[in-house]
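Using our numbering, the letters of the sequence shown map in sequence onto residues 47 to 189.
Every residue gets a Cβ at the ideal spot worked out from N, C-alpha and C, and that includes glycine.
Heads up, the thing below is written out as C-alpha cells.
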Amino acid sequence: MTRIAIAESDADIEACYPVISQLRPKIPADRFLARVRELAAATGLTLAYLDDGGIKAVAGYRISDWLAGGRYLEIEDLVTADSERSRGHGGALFDWLVATAARERCLQVRLVSNVRRVDAHRFYLRKGMAQEAHYFSMDVPAG
C-alpha cells in the first residue's frame, strides 16, 4: 500500500538517506540526521517520503513567506530512487506537496533547480510549474 508520511523519528529520517543521497551525494550518511534536525529547527525543513514497500521518493520542504510574494511552500529536494523512476512516485509526492501547500494557505509552490537537471525541469513543467525567475549565486570569499 502506498502512503506518504512525514519523517519525524530519527529512524524515519535516516531511512530517507539512501534515496536523498542520490540527489545530494556530498552529504555524508553520518551527518545526515544531525543536518536535517539543524535545518528543521532553524528553517522549518520537513522531510516527507513515499513508502510503497520501501521508501521510493523523498521531498524536503518548508513553509516560508516573502514580503512581496506572500506565503509559499518551498521544495528544497524532490528525488525518486533511481530504480523507481517513471513509476509515478515523484508525481504522487509532488501532488501531495501541492495539497499540503493548499492546506497551509500558501499562495505558491516554489523550488530552485540546477540548470543541468533538464529531465527534472520537464517534470516540473508537466506538473504545471512556470519558470519565472533567474537564480543567481556567488561564493563568498573566505576572510
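- Rounded to the nearest whole angstrom, the C-alpha separation of Asp111 and Arg117 is 4 Å.
- Excluding the 5 residues flanking it on each side, Asp128 has same chain C-beta neighbours closer than 7 Å at Gln68, in chain order.
- Comparing alpha-carbon positions, the option among Leu119, Leu157, Ala138 lying closest to Ala147 turns out to be Leu119.
- Here Thr48 carries a coil assignment [DSSP, helix/strand/coil].
- Going by C-alpha positions, Cys62 is about 28 Å away from Gln177.
- Note on geometry: alpha-carbon atoms of Arg83 and Thr92 lie some 9 Å from one another.
- Ranked by how close their Cα comes to the Cα of Ile73, the residues Val186, Gly136, Asp123, Gly137 have Asp123 in first place.
- Under the DSSP assignment, Arg108 falls in the beta strand (DSSP E) whose first and last residues are 101-112.
- Sixteen is the threshold: when 16 or more other Cβ atoms of the shown chains lie within 10 Å of the Cβ of Ile66, as they do, the residue is buried.
- Contact between the segment 128-138 and the segment 151-161 is not established, with fewer than three Cβ pairs separated by less than 8 Å.
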